Amino acid sequence: MLDKIKILRDEVDAFDASGMEEAEAFRLRMLSKKGLIPSLFQDFKSVDPADRKEVGRQLNLLKQAATEKVNSIKARLEAEAESKQSGQKRPDLSMPANFEPIGSRHPLSVTRNRINSIFQRIGFVVSEGPEIEDDWHNFSALNFPEEHPARDMQDTFFVRKNPDIALRTHTSSVQVRVMESQKPPIRTISPGRVFRNEAISARAHCIFHQVEGLYIDQGVSFADMKQCLLYFAREMFGEETQIRLRPSFFPFTEPSAEMDVSCNICGGPGCNICKHSGWIEVMGCGMVDPNVLENCGIDSRKYTGYAFGMGIERIAMNIYQIKDLRMFFENDLRFLRQFESAI
Ligand code: PHE
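Mapping to the numbering used here: the sequence shown position 129 is 129, numbers consecutive.
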């Protein structure tokens, strides 16, 4: 009997399992009701009473060793499985931080946001409209005569050969929509993308961006417009900035003007940025033509208004000293990364 116990004890001591099933099979073979160890307990009855004490002791030790062995192997296997699972989830805090490159705003967005906020601070509300427009909103309502050259195929991209549908050539079309749907007082700016059939060069592109503004109320005057635009120029280009208005023509404004700002690089005396004139052209403006008000259902005897419109590219080129407008559309990261700090 003691020999049998010794053989099993050696087996128990030597046992190890690499998987749960193996450990369970071992338990069943050794410890289950009909297993090897309980069957030794059965045989115990037939042991000589003189040897019983020692045999009983060895037998109990064997059972204890087998139970402990199985339990400790199972516990170890469980812990191993768990750490394998959570090992994937749990972060290794000693690893160096991941470098996640973050994008930055496009310089045109930065400039547009600045223009918007300058006007929003004095009560202008942003309005948006469709990029594909009909003739009425882009031209007719804005007092473009039928034969006006701006309607020519040269300037306008028409959609599917339909002369009534085109890509908008300016965001004044949005202002027509606002005037048609709202009652004065109206104080709105419309930023957006516009399209003109122009040869692409360092100073022109067939797609560019505008912010146009419109203010309509009783008694709005040219002097109000001048004051508003002076405020804008000083907020945008610096508080020393001067403006000047030169007579111009737009079908939808009368009188019309071009606004120049004093060169923000040389401050007036002339440099190669302002082509030695001391002035930089930034926008068109004027008093809304009464025909336009009437076209949009606004009583032109009661209300007057001013409108202005500027190209965002041109302003951004000036502020950031960018020489070639095409850079805005090339998405060259070396260019875009230079605006990482701008918001
Ligand atoms: N819509 C004109 C353009 O695209 C700009 C403008 C707007 C001029 C309002 C005068 C008044 O060039």
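Where a beta carbon is used, it is the ideal one built from N, C-alpha and C, also for glycine.
Keep in mind it's a predicted model, so treat the numbers as computed, not measured.
For I343, the three-state DSSP class (helix, strand or coil): Working through the sequence shown from its first residue, we reach residue 343 at position 343. Assignment of I343 by DSSP, reduced to helix, strand and coil, places it in the coil class.
Contact under 8 Å by Cβ, D260 with R244: Within the sequence shown, the letter at position 260 stands for residue 260. Within the sequence shown, the letter at position 244 stands for residue 244. Yes, they are a contact pair.
Inside the region 304-339 only - beta strand (DSSP E) runs reaching at least 3 residues: Counting only runs of 3 or more, we get 304-311.
V47 versus M1 - alpha carbon distance: In the sequence shown, residue 47 corresponds to position 47, counting from 1. In the sequence shown, residue 1 corresponds to position 1, counting from 1. Going from the Cα of V47 to the Cα of M1 covers about 8 Å.
Counterpart residues of S365 in DSSP-defined beta bridges: Shown here, the chain extends from 1 to 343; a query on residue 365 therefore has no answer.
Proximity test, Cβ basis, 8 Å: L93 and chain D: The structure shown has no chain D; it contains just one protein chain.
I315 classed as buried or exposed, judged by whether at least 16 other C-beta atoms fall within 10 angstroms: Against the sequence shown, residue 315 aligns to sequence position 315. It counts as buried.
For F124, the nearest candidate out of R187, K45, L230 and S72 (CA to CA): As a position in the sequence shown, residue 124 is number 124, starting the count at 1. Minimum Cα distance to F124 is reached at R187.
Beta bridge counterpart(s) of Q210 as assigned by DSSP: Residue numbering aside, residue 210 sits at position 210 when the sequence shown is read from its first letter. G192 and G311.
Residues that DSSP places opposite L8 in a beta bridge: Working through the sequence shown from its first residue, we reach residue 8 at position 8. Partner(s): none; L8 has no beta bridge.
Rounded straight-line distance, which links the Cα of E258 to that of R246: Translated into positions along the sequence shown, residue 246 becomes position 246. Translated into positions along the sequence shown, residue 258 becomes position 258. So the alpha carbons of these two residues sit roughly 5 Å apart.
Member of S140, C296, S341 and L61 whose CA lies at the smallest distance from the CA of A166: Counting from 1 along the sequence shown, the entry for residue 166 is found at position 166. When only C-alpha atoms are compared, the closest one is S140.
Spatial neighbours of I5 in its chain, beta-carbon cut-off 8 Å, leaving aside the 5 residues before and after: Along the sequence shown, one-based indexing puts residue 5 at 5. Excluding sequence neighbours, I5 sits near L40, V55, Q58, L59 and L62.
Coil, strand or helix - P184 by DSSP: Mapped onto the sequence shown, residue 184 falls at position 184. Residue state, collapsed to three classes: coil.
Per-residue DSSP class, three states only, for D51: In the sequence shown, counting from the first residue as 1, residue 51 sits at position 51. The answer is coil: DSSP assigns D51 none of H, G, I, E or B.
Neighbourhood of A342 by C-beta, 8 Å cutoff - its chain only, sequence neighbours within 5 removed: As a first step, residue 342 is located in the sequence shown; it is residue number 342 there, counting from the start. Excluding positions up to five away in sequence, the list reads S104, R105, P107 and V110.
Nearest candidate by alpha-carbon position, reference Y215, set H276, A66 and S127: In the sequence shown, residue 215 corresponds to position 215, counting from 1. Among H276, A66 and S127, the Cα nearest to that of Y215 belongs to S127.
beta-carbon S256 near the ligand PHE non-hydrogen atom, thresh 7 Å: In the sequence shown, counting from the first residue as 1, residue 256 sits at position 256. Checking the Cβ of S256 against the ligand PHE gives yes.
Straight-line Cα distance separating N162 from C347: In the structure as shown, the chain starts at 1 and stops at 343, and residue 347 therefore has no counterpart that could be examined.
Length at least 3, wholly inside the region 92-134: the beta strand (DSSP E) runs in chain order: Every beta strand (DSSP E) stretch that sits fully inside the region 92-134 and reaches 3 residues is listed by chain position as 132-134.
N- and C-terminal bounds of the beta strand (DSSP E) containing S248: One-based indexing of the sequence shown puts residue 248 at position 248. Element bounds for S248: I243 to F250.
Sequence-distant residues of the same chain with beta carbon closer than 7 Å to V292, five excluded per side: Taking the sequence shown and counting its residues from 1, the one referred to as residue 292 is at position 292. A141, L142, N143 and F252, listed in sequence order.
Three-pair Cβ contact test at 8 Å for the region 206-226 versus the region 297-317: Look at the beta carbons and you see the region 206-226 touching the region 297-317: at least three pairs across the two are nearer than 8 Å.
Same chain only: Cβ atoms within 8 Å of P145, ignoring 5 sequence neighbours per side: The residue given as residue 145 occupies position 145 in the sequence shown. The residues are P251.
Of the residues E180, K69, S172 and F44, the one placed nearest A23, counting alpha carbons only: Along the sequence shown, one-based indexing puts residue 23 at 23. That would be K69, whose Cα lies nearest to the Cα of A23.
Identified DSSP bridge partners for V288: Residue 288 sits at position 288 when you count from the first residue of the sequence shown. DSSP output for V288 lists T253 as bridge partner(s).
Closer than 7 Å: C285 CB and nearest the ligand PHE heavy atom: Here residue 285 is taken as the residue at index 285 of the sequence shown, counted from 1. Yes; taking the cut-off as 7 Å, the Cβ of C285 has a heavy atom of the ligand PHE nearer than that.
Beta-bridge pairing of N162 - partner residues as DSSP gives them: Residue 162 sits at position 162 when you count from the first residue of the sequence shown. According to DSSP, N162 bridges with V159.
Among T156, H205, D135 and H209, the one whose alpha carbon lies nearest that of V176: Against the sequence shown, residue 176 aligns to sequence position 176. Nearest neighbour of V176 by Cα position, chosen from T156, H205, D135 and H209, turns out to be D135.
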